[in-house]
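Residue numbers (the numbering used here): 26 to 367.
Using N, Cα and C, we set each Cβ at its ideal position, and we do this for glycine too.
Data first, discussion second: the structure below is written as structure tokens.
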Ligand SMILES: NC(=O)c1ccc[n+]([C@@H]2O[C@H](COP(=O)([O-])OP(=O)(O)OC[C@H]3O[C@@H](n4cnc5c(N)ncnc54)[C@H](O)[C@@H]3O)[C@@H](O)[C@H]2O)c1
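Next up, the structure:
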């Protein structure tokens with residue numbers, strides 16, 4: 026088991042990569058625990074859950090709503106949960122986001138931990154103490170910061186992920202390497218076949234390396250006032266793509282990263298050869314790299330998404346692999362680049 030710690034002002038969060046889900050009870054303490062999970066995860070792994078009451082969500086992004094949060098509060102009240110309760114989320118990013126939000130608001134905050142069961146949650150969503158709930162068609166519009174006491178990442182459970190979810194996770198793995206660690210990036214380049222085959226030994230190393238990148242960023246900037254924004258690399262266009270087409274989050278992030286790399290080349294920040302390495306790696310991971318030809322629709326989606334933050338956008342450029350730079354640019358400049366490239 027590889028153990029990392031995030032030490033923030035608010036709390037310490039322990040990340041255990043390679044620990045078994047069946048040993049989760051060892052980390053729960055003596056008080057009462059209530060589990061939040063979704064029906065897929067419960068069906069597949071319910072037998073390994075510690076004995077505790079379970080709140081079960083419908084799987085998928087549609088559950089990341091205030092209605093679900095309200096349902097959880099109602100169940101917690103019915104179960105007569107008090108401030109000593111510990112809430113444990115077992116699932117992917119949706120379960121972790123809902124669990125984090127519920128735990129940080131119920132009775133003004135109770136203890137929370139996660140067993141992350143998707144690659145995306147293990148490398149990203151479960152780590153770092155940020156949660157979000159969608160509202161009125163906007164993603165993550167409402168949320169809080171609250172560090173989980175622990176994040177348990179059992180690599181073995183990734184074996185049952187549908188290929189679409191594997192792709193989502195791999196695309197966040199590439200993102201993490203691109204913004205955080207050129208050595209990790211080179212390792213990914215060298216190990217594509219084993220990664221695609223979900224080789225557990227390699228995955229454990231990769232999940233650990235990604236968690237380490239995120240840990241370092243979060244320790245510098247827990248509340249996303251500065252440095253943490255680099256983790257949004259590729260996500261500006263990705264969110265717009267997700268709204269205007271039927272592609273998955275992972276595919277959208279892949280295209281968003283290609284766009285951000287190409288845009289960085291145009292701005293004479295990133296060498297062409299580095300952008301080509303990023304694109305080639307995504308391609309080899311079977312992620313899409315060719316933009317759809319709908320520049321105008323994309324611009325509208327970006328504009329709608331960014332309306333809240335005024336006429337400027339914080340865009341994550343690259344000066345090199347492992348060297349992200351966040352810059353405020355006028356929305357009009359971003360739109361021109363999108364129309365040009367898409
Ligand atoms: N808070 C953060 O910092 C942060 C960061 C990145 C992403 N997110 C959020 O994470 C969410 C996406 O997370 P996700 O991709 O894990 O999606 P998800 O939680 O919807 O899980 C994807 C699907 O996989 C199923 N599943 C989970 N574990 C499984 C397993 N081991 N085997 C088989 N099936 C399994 C789920 O039931 C679901 O159907 C988004 O809402 C995103 O906004 C949050």
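- When C-beta atoms of the segment 55-64 are compared with those of the segment 192-203, fewer than three pairs fall below 8 Å, so the two segments do not count as touching.
- Between the alpha carbons of residue 239 and residue 148 lies a gap of roughly 8 Å.
- With a contact defined as Cβ atoms closer than 8 Å, residue 38 and residue 172 qualify at about 4 Å.
- When distances are taken from the beta-carbon of residue 84 to the heavy atoms of ligand 1, the shortest one is below 8 Å.
- With a cutoff of 8 Å, residue 259 does not count as near ligand 1, since its C-beta is closer than that to no heavy atom of the ligand.
- In the DSSP assignment, no residue is bridged to residue 359.
- In this structure residue 63 touches residue 119 by the C-beta definition: roughly 7 Å separates them, less than 8 Å.
- In the structure shown, residue 206 falls within a coil segment according to DSSP collapsed to helix, strand and coil.
- Collapsing the DSSP output to three states places residue 310 in coil.
- The Cβ neighbour count for residue 124, taken over all protein chains shown within 10 Å, is at least 16; the residue is labelled buried.
- For residue 63, the enclosing beta strand (DSSP E) covers residues 58-63.
- The bridge partners DSSP lists for residue 170 are 155.
- Remark: the C-beta of residue 129 is outside contact range of ligand 1, defined as less than 8 Å to any heavy atom.
- Taken from the Cβ of residue 194, at least one heavy atom of ligand 1 lies inside 8 Å.
- Residue 166 sits exposed, since fewer than 16 C-beta atoms from the chains shown fall within 10 Å of its C-beta.
- Note on geometry: alpha-carbon atoms of residue 162 and residue 114 lie some 24 Å from one another.
- Here the alpha carbon of residue 360 sits roughly 6 Å from the alpha carbon of residue 324.
- In this structure, residue 346 places its C-beta atom within 9 Å of the C-beta atom of residue 203.
- Secondary structure at residue 71: helix, using DSSP grouped into helix, strand and coil.
- For the beta strand (DSSP E) assignment, the uninterrupted runs of no fewer than 3 residues enclosed by the segment 78-148 are, from N- to C-terminal side, 78-82, 111-116, 136-141.
- Here residue 89 is buried: its Cβ has 16 or more other Cβ atoms, across all protein chains shown, within 10 Å.
- In this structure, residue 152 places its C-beta atom within 9 Å of the C-beta atom of residue 31.
- At the C-beta level, residue 223 and residue 183 come within 9 Å of one another.
- For residue 349, the pairing in a beta bridge is given by DSSP as 343.
- When rounded, the separation of the alpha-carbon atoms in residue 29 and residue 297 is 35 Å.
- Residue 27 carries a strand assignment under DSSP once its states are collapsed to helix, strand and coil.
- Between the beta-carbon of residue 272 and that of residue 286 there is about 18 Å, and that puts the pair past the 8 Å contact cut.
- For residue 45, the distance from the CB to the nearest heavy atom of ligand 1 is not below 8 Å.
- DSSP, reduced to helix, strand and coil, places residue 299 within a helical segment of the structure shown.
- Here residue 283 is buried, its C-beta having at least 16 other C-beta atoms within 10 Å.
- Around the beta-carbon of residue 83, fewer than 16 other beta-carbon atoms lie within 10 Å, marking it exposed.
- Assigned with DSSP and collapsed to three states, residue 177 falls in strand.
- Using a cutoff of 8 Å, the CB of residue 145 counts as near ligand 1, since one of the ligand's heavy atoms is closer than that.
- Contact check for residue 209 against residue 220 fails: the beta carbons are separated by 9 Å or more.
- In the assembly as shown, residue 349 is a buried residue. Its beta-carbon has 16 or more other beta-carbons within 10 Å.
- Counting along the chain, residue 39 sits inside the beta strand (DSSP E) bounded by residues 37-42.
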